[in-house]
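Novice: Heads up: the sequence shown begins at -1 in this note's numbering, then just goes up one per residue.
Think of the CB as a built atom: it goes at the ideal place given N, C-alpha and C, for glycine as much as any other residue.
Okay, here's the structure, questions in a sec.
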Amino acid sequence: MVYTVTRGKAYERLVRKLTVEVLWLYVAKVLLTSKPLKAYEVKKKITETFGIKPHTMTTYTVIYRMSKEGLIRPLKLDGDVVYELTEAGKREFEEALNFIDKVLNSLRH
-1 MVYTVTRGKA YERLVRKLTV EVLWLYVAKV LLTSKPLKAY EVKKKITETF
49 GIKPHTMTTY TVIYRMSKEG LIRPLKLDGD VVYELTEAGK REFEEALNFI
99 DKVLNSLRH
């Protein structure tokens, strides 16, 4: 007998909340673990690494906001704009991961 898992709306909302709505975490992780990247390279790497396919404009909007907040910084490299994670971005990323760990631990116990 084959069982199929039907995922409900609550699960779908959770997936959206933990992917698209916190895309900045994925941008930060990609920039933390690689050299400075162009915006489209960030999007491509997120898809390759995490299997998430964010819309191009969503990715660019998140990158713009992160830059405005000082979490990433744009650099000129061979005439292109690339982005790197700042120290503030690294701290914010680590704080976010710690928060997620606390939430998961609370839900599990």
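(1) What does the alpha-carbon distance come out to for the pair H107 and V101?
(2) L83 and L16: beta carbons closer than 8 Å?
(3) Buried or exposed: F91, going by 16 or more other Cβ atoms within 10 Å of its Cβ?
(4) With a Cβ-Cβ cutoff of 8 Å, do I44 and V28 count as a contact?
(5) In whole angstroms, what separates the C-alpha of P52 from that of K41?
Specialist: Inspection of the coordinates gives the following:
(1) Looking at the two C-alpha atoms, the distance is approximately 10 Å.
(2) It is not a contact, given that the beta carbons lie outside the stated cut-off.
(3) The residue is buried, with at least 16 neighbouring Cβ atoms inside 10 Å.
(4) Between I44 and V28, the C-beta spacing is below 8 Å.
(5) In a straight line, the C-alpha of P52 is about 7 Å away from that of K41.
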